[in-house]
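Protein chains in written order, with our numbering: chain S, 1 to 394; chain D, 1001 to 1338. Where a beta carbon is used, it is the ideal one built from N, C-alpha and C, also for glycine. Presented below is the structure to which this report refers.
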Amino acid sequence: MVRRIIVLSISILTLLTLVFAGGCSKQDNTDSASKSGETINLGAVLDISGSSSSLGIPERDTLRMLADQLNAKGGINGRQVKLTILDNKSEETEGVLAVKRLIDQENVVAIIGSSASGTSLAMVDTVQKEGVPLISLATNSKIVEPVSERKWVFKMAQSDELIANSMIKYAKSKGIQKTAILYMNNAYGDGGQKALNQAAADNGISVVLLDKFEATDKDMSAQLAKIKNSDAQAVMVWAIPPSASIVTRNYREIALNIPMIHSHGIANQNFLDLAGDAANGIEFPVGKIVVAAQLPDNDPQKQVLMSYTTDFTAKYNTPPSTFGGHAWDAFYMLVNAINESGTDRAKIRDSLEKTKNFVGISGVFNMSETNHNGLDDSCMAMVNVTDSKWVLIK
Amino acid sequence: MPRESLKYLLIAAASIGFVILPFVLESNYLLSILIIIGIYTLVVEGLGVLMGYAGQVSFGQAAFFGIGAYAVAILTTRYSWGTIPAFLAAIVLPALVAAVIGRPTLKLKEHYLALATLAIGILVHIFFNEGGELTGGPSGLTGIPYLKIGGLVFDQDYKFYYLIGVFVLLVFLGVRNLDRSRIGRSLRAIRDSEVAAEANGINSAALKLKAFVFSAFLAGLGGGIYAYYITFISPAPFNFNMSIQFVIMAVIGGLGTIWGPLLGVSLMVALGEVLRWLVPLFIPNAGGEYQIIFYGLILVLTMIFKPEGLSTGWRKKTVSDSEEQEQKKENLTVSIRR
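This is the structure:
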């Protein structure tokens, strides 16, 4: 008897959930979203749980804080904003379902997300078909290229190309002509090494040695020894901790007397903790949010960076990250576009594409018909590790 | 009303319901849930045959699902094949792969077979990740065209809904026929006791291989449709985790039944969707892998109260059923004594 009841209740639950998932929040299906005077519906799909949750959680926190602030100030043109944030569990299929839910059930005028490249790319086809502006927070340049097939998609994060350019240009300014490149063997490292090679070729720097290590490797002395025997004048590393920390320790151990330039992947406390004293003297490019307080007062981004840092730290007791910064940029760029052109999806898209001199957390954005990212390498700051702290190289 | 005509009435009502559903729902979101349920159902039906009839566990089903999806993606974007030939390749290729690796693998028994399929799943996933230009590496492949059959372009959710509906129906009919055929009975015999089946002249190795190939064939079919539906693929959806999810769906729904896979998949997918908006309402700061708790709970409850799966609860227990169970117990004691 008990069994039968359980079976019956689980079966009923299945049916109910199906009906519920659609029914409960089904709103009037008027095609163009909210009318004037009503709330404006915005949506976000973020990697809140699963493997990319370290990106999605600060983004969610930032978006919530900003939506509350905006509504407290009276919203957009007197209309309150309703922001619906959905989790895609870091899975692409889930991301597609979530974005369709936002469009159909929540009737949103535009969507922010996702946090990672794969989950963002999976949503592209849906928003292109439905004609809804999408602002991705992930890095992969395929998200907005080719622009002709990405009419509705924009991207806030710096591409690998920008970061690679900053590294190579910095090396060039130090008179380096020959470099070695080390990278971790995954999507992150592979994208980085391609960008670095391209940037080096563009700037007339020759790559004398290209080698890789696995993300789980515990010792990279062999790769570094090869570099020691080459005529490289610098070694560029594209990796994240813990392997980025290990390679830095090994670099000190074998006393390699050429500068080591890392990518932005080491801009977290984890790297400093694992690398210890070996990290001192390492240089790398990073989004300015990390060194906001050290920026000169005439830096165009200084003011927004400081106010975001203060607000976020006050609310969540932890300093903001670059990922939260991408969410900040997406939110305000969207708010500006709605402010300018109302709640029609196509008009919002047009406004987003015309965004010029938007001073955000990740840089100063200049969108155009051929560039849906809008950043240049002035958005990166070069940083030096001194006494286990990040110090801006002026 | 006689039972027979009631049955036909139900079938007629269900078909009408199926056809008009997109017009009633008017929601691409709900349709997309049904499409995903349909795609997974294809995969899990195959797994259900393998597990329920042949008694073999596969922890590598996501790999065949992935091979189907990658076949479509690679052939259409890299080699500009037509969408129908690529789709056929998506169905045939996983079956071929299964036939080749199944021959040595299926000689393994019990846990070793499960381990071998697990290894296959992981190997294929590594291949997707490290395939360089061919597979697009970890960032995957974009720009998969829409499926075109004649003048019909499958670019809208409702079209996919009908397409997947037809495939699911065909697979249902196929499995129903299998269930009542000589092969079905032989497979069940192997599941209950391989030794006894062999003694009765059943070539168990060949039959198990057929079931394995059939399951890969259906997984490839699901994968091909998946690639055409999402139009972007990366290695992520075809990992070991997905294989486990397929197994859980099959087990929850009920092994060796026709409706079990549909029920299991529907429950898991719908639960995922409900949790998506329910959890933030109650636990605003939830992050990490919280949904696993619910999946685990369902699996545990099913195992405790309905170990043979949910869909079997509808059938009245008959004398032959209890006889069958007695028989199973006997087999079990025999195998324990051995």
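| field | Per-residue DSSP class, three states only, for S:HIS326 | value | In the first sequence, residue 326 of chain S corresponds to position 326, counting from 1. Note: S:HIS326 maps to helix in three-state DSSP.
| field | Interface partners of S:GLN105 on chain D, CB under 8 Å | value | Counting from 1 along the first sequence, the entry for residue 105 of chain S is found at position 105. Correct list: SER1027 and TYR1029.
| request: Look up D:LEU1170 in the DSSP assignment and say whether it is helix, strand or coil. | output: Position 170 of the second sequence, counted from the first residue, corresponds to residue 1170 of chain D. D:LEU1170: helix per DSSP, three-state reduction.
| In whole angstroms, what separates the C-alpha of S:ALA225 from that of S:GLY265? | One-based indexing of the first sequence puts residue 225 of chain S at position 225. One-based indexing of the first sequence puts residue 265 of chain S at position 265. Approximately 23 Å between the Cα atoms of the pair.
| Residue range of the unbroken alpha helix (DSSP H) whose run includes S:LYS174 | Residue numbering aside, residue 174 of chain S sits at position 174 when the first sequence is read from its first letter. No alpha helix (DSSP H) contains S:LYS174, which DSSP labels as neither H nor E.
| field | Pair within 8 Å by beta-carbon distance, S:ALA222 and S:SER245 | value | As a working note, residue 222 of chain S is residue 222 in the first sequence. As a working note, residue 245 of chain S is residue 245 in the first sequence. Result no, Cβ atoms of S:ALA222 and S:SER245 do not sit closer than 8 Å.
| said: Output needed for S:TYR170: all residues of its chain with C-beta closer than 6 Å, excluding positions within five of it in sequence on either side, in chain order. | reply: On the first sequence, residue 170 of chain S is found 170 positions in, with the first residue counted as 1. Sequence-distant partners of S:TYR170 (beyond 5 residues in either direction) whose C-beta falls short of 6 Å from its own C-beta, in its chain, are MET382.
| message | With a threshold of 6 Å on Cβ separation, who are the neighbours of D:MET1268 within its own chain once the five nearest residues in sequence on each side are excluded? | response | Within the second sequence, the letter at position 268 stands for residue 1268 of chain D. These residues qualify, in order along the chain: MET1249.
| field | Residues from the segment 1222-1251 of chain D in contact with chain S, defined by Cβ distance under 7 Å | value | ILE1230, THR1231, PHE1232, SER1234, ALA1236 and PRO1237
| Once you ignore the five residues that flank D:LEU1255 on each side, which residues in its own chain have a CB closer than 8 Å to its CB? | Sequence index remark: in the second sequence, residue 1255 of chain D carries index 255 (1-based). Non-local C-beta neighbours of D:LEU1255 in its own chain, meaning closer than 8 Å and more than five positions away in sequence, comprise GLY1048, MET1051, GLY1052, GLU1308 and GLY1309, ordered along the chain.
| So which residues on chain S does D:TYR1079 lean against when the C-beta distance must stay under 9 Å? | Taking the first residue of the second sequence as position 1, residue 1079 of chain D is located at position 79. Residues of chain S passing the Cβ test: none, with the nearest at roughly 20 Å.
| said: On a Cα-Cα basis, can you pick out the residue from S:GLY131, S:TYR316, S:GLN69 and S:VAL81 that is closest to S:ILE338? | reply: As a working note, residue 338 of chain S is residue 338 in the first sequence. That would be S:VAL81, whose Cα lies nearest to the Cα of S:ILE338.
| request: Please name the residue in D:LYS1159, D:ASN1241, D:GLY1260 and D:LEU1010 whose C-alpha comes closest to that of D:TYR1295. | output: As a first step, residue 1295 of chain D must be located in the second sequence, where it is residue number 295. Scanning D:LYS1159, D:ASN1241, D:GLY1260 and D:LEU1010 for the CA closest to the CA of D:TYR1295 turns up D:ASN1241.
| message | Under DSSP, the alpha helix (DSSP H) around D:VAL1072 begins and ends at which residues? | response | The sequence position of residue 1072 of chain D within the second sequence is 72, counting from 1. Note, D:VAL1072: alpha helix (DSSP H), 1061-1077.
| field | Contacting residues, own chain, Cβ-Cβ under 6 Å from S:TRP328 (five flanking each side not counted) | value | Here residue 328 of chain S refers to the residue found at position 328 of the first sequence. Correct list, in chain order: THR62, TYR308 and ILE361.
| query | Near D:ALA1286, what residues of its chain come up, given a Cβ to Cβ distance below 6 Å and the 5 sequence neighbours on each side ignored? | reply | What you label residue 1286 of chain D is simply residue 286 of the second sequence in a count that begins at 1. Hits under 6 Å: VAL1279.
| said: I want to verify the contact list: residues of chain D whose CB lies under 9 Å from the CB of S:VAL124, in sequence order. | reply: Start at 1 with the first residue of the first sequence, and residue 124 of chain S comes out as number 124. Going along chain D in sequence order, the residues near S:VAL124 (Cβ under 9 Å) are THR1142, THR1231 and PHE1232.
| message | How far does the beta strand (DSSP E) with D:SER1266 in it extend, from its first residue to its last? | response | Start at 1 with the first residue of the second sequence, and residue 1266 of chain D comes out as number 266. Not the beta strand (DSSP E): D:SER1266 falls in the alpha helix (DSSP H), residues 1260-1282.
| Those residues which DSSP pairs with S:LYS389 across a bridge | Along the first sequence, read from residue 1 onward, the residue named residue 389 of chain S stands at position 389. According to DSSP, which records beta bridges pairwise, S:LYS389 is partnered with S:THR386.
| request: Quick one: give me the first and last residue of the beta strand (DSSP E) that S:THR62 is part of. | output: Here residue 62 of chain S is taken as the residue at index 62 of the first sequence, counted from 1. No beta strand (DSSP E) contains S:THR62, which is instead part of the alpha helix (DSSP H) from 53-72.
| field | Cβ-based contacts, 9 Å cut-off: residues of the segment 186-198 of chain S near chain D | value | ASN186, ALA187, TYR188, ASP190 and GLY191
| said: Please list, in chain order, the chain D residues whose beta carbon lies closer than 7 Å to that of S:VAL96. | reply: As a working mapping, residue 96 of chain S is identified with position 96 in the first sequence. Neighbours of S:VAL96 on chain D, chain order: SER1032 and ILE1230.
| task | Could you check if D:ILE1020 is buried or exposed, using at least 16 other CB atoms within 10 Å of its CB as the buried criterion? | result | To locate residue 1020 of chain D, count along the second sequence from 1; it is residue 20. Result: exposed.
| Can at least three beta-carbon pairs, one atom from the segment 1092-1111 of chain D and one from the segment 1032-1040 of chain D, be found at a separation below 8 Å? | no
| Under the three-state DSSP convention, the category S:ILE361 falls into | On the first sequence, residue 361 of chain S is found 361 positions in, with the first residue counted as 1. Note: S:ILE361 maps to coil in three-state DSSP.
| said: Between S:LEU210 and S:ILE181, how many whole angstroms is the CB-CB distance? I'm expecting something under 8 Å. | reply: Within the first sequence, numbered from 1, the residue matching residue 210 of chain S stands at position 210. Within the first sequence, numbered from 1, the residue matching residue 181 of chain S stands at position 181. At roughly 5 Å, the Cβ-Cβ gap stays under 8 Å, so S:LEU210 and S:ILE181 are in contact.
| field | Own chain residues within Cβ distance below 6 Å of S:ASN140, not counting five before or after | value | On the first sequence, position 140 is the one that residue 140 of chain S refers to. So the qualifying residues of the chain are SER117.
| Listed by chain order, chain S residues near D:SER1139 by CB distance under 9 Å | Taking the second sequence and counting its residues from 1, the one referred to as residue 1139 of chain D is at position 139. Contacts between D:SER1139 and chain S, judged by CB atoms closer than 9 Å, involve SER117, GLY118, LEU121, ASN140, LYS142, ALA187, ASP190 and GLY191 in chain order.
| message | Less than 8 Å between CB atoms is the rule here; does D:TYR1008 satisfy it with respect to chain S? | response | Locating residue 1008 of chain D in the second sequence gives position 8, counting from the first residue. With 8 Å as the cut-off, D:TYR1008 does not count as an interface residue toward chain S.
| task | Return yes when the Cβ of D:LEU1042 is within less than 8 Å of the Cβ of D:LEU1163, no when it is not. | result | If you number the second sequence from 1, residue 1163 of chain D lands on position 163. If you number the second sequence from 1, residue 1042 of chain D lands on position 42. No.
| query | When DSSP labels each residue in this structure, what does S:ILE258 get in the three-state scheme? | reply | Along the first sequence, read from residue 1 onward, the residue named residue 258 of chain S stands at position 258. Secondary structure of S:ILE258 (DSSP, three-state): coil.
| field | Between the CA atoms of D:ARG1276 and D:LYS1208 - distance to the nearest angstrom | value | Working through the second sequence from its first residue, we reach residue 1208 of chain D at position 208. Working through the second sequence from its first residue, we reach residue 1276 of chain D at position 276. Each residue's Cα considered, the two are about 39 Å apart.
| request: For the beta strand (DSSP E) holding S:MET123, just list the boundary residues, first then last. | output: As a working note, residue 123 of chain S is residue 123 in the first sequence. From DSSP, S:MET123 is part of no beta strand (DSSP E) but of the alpha helix (DSSP H) over 117-130.
| What's the call for S:ASN373, buried or exposed, on a 16-neighbour Cβ count within 10 Å? | In the first sequence, the residue the question calls residue 373 of chain S occupies position 373. So S:ASN373 counts as buried.
| query | Going along chain S in order, which residues have a C-beta closer than 9 Å to the C-beta of D:GLY1048? | reply | In the second sequence, the residue the question calls residue 1048 of chain D occupies position 48. Under the 9 Å cutoff, chain S gives no residues; its nearest Cβ is about 17 Å from D:GLY1048.
| Contact set between the segment 243-260 of chain S and chain D, restricted to residues whose Cβ is under 9 Å from the partner | none
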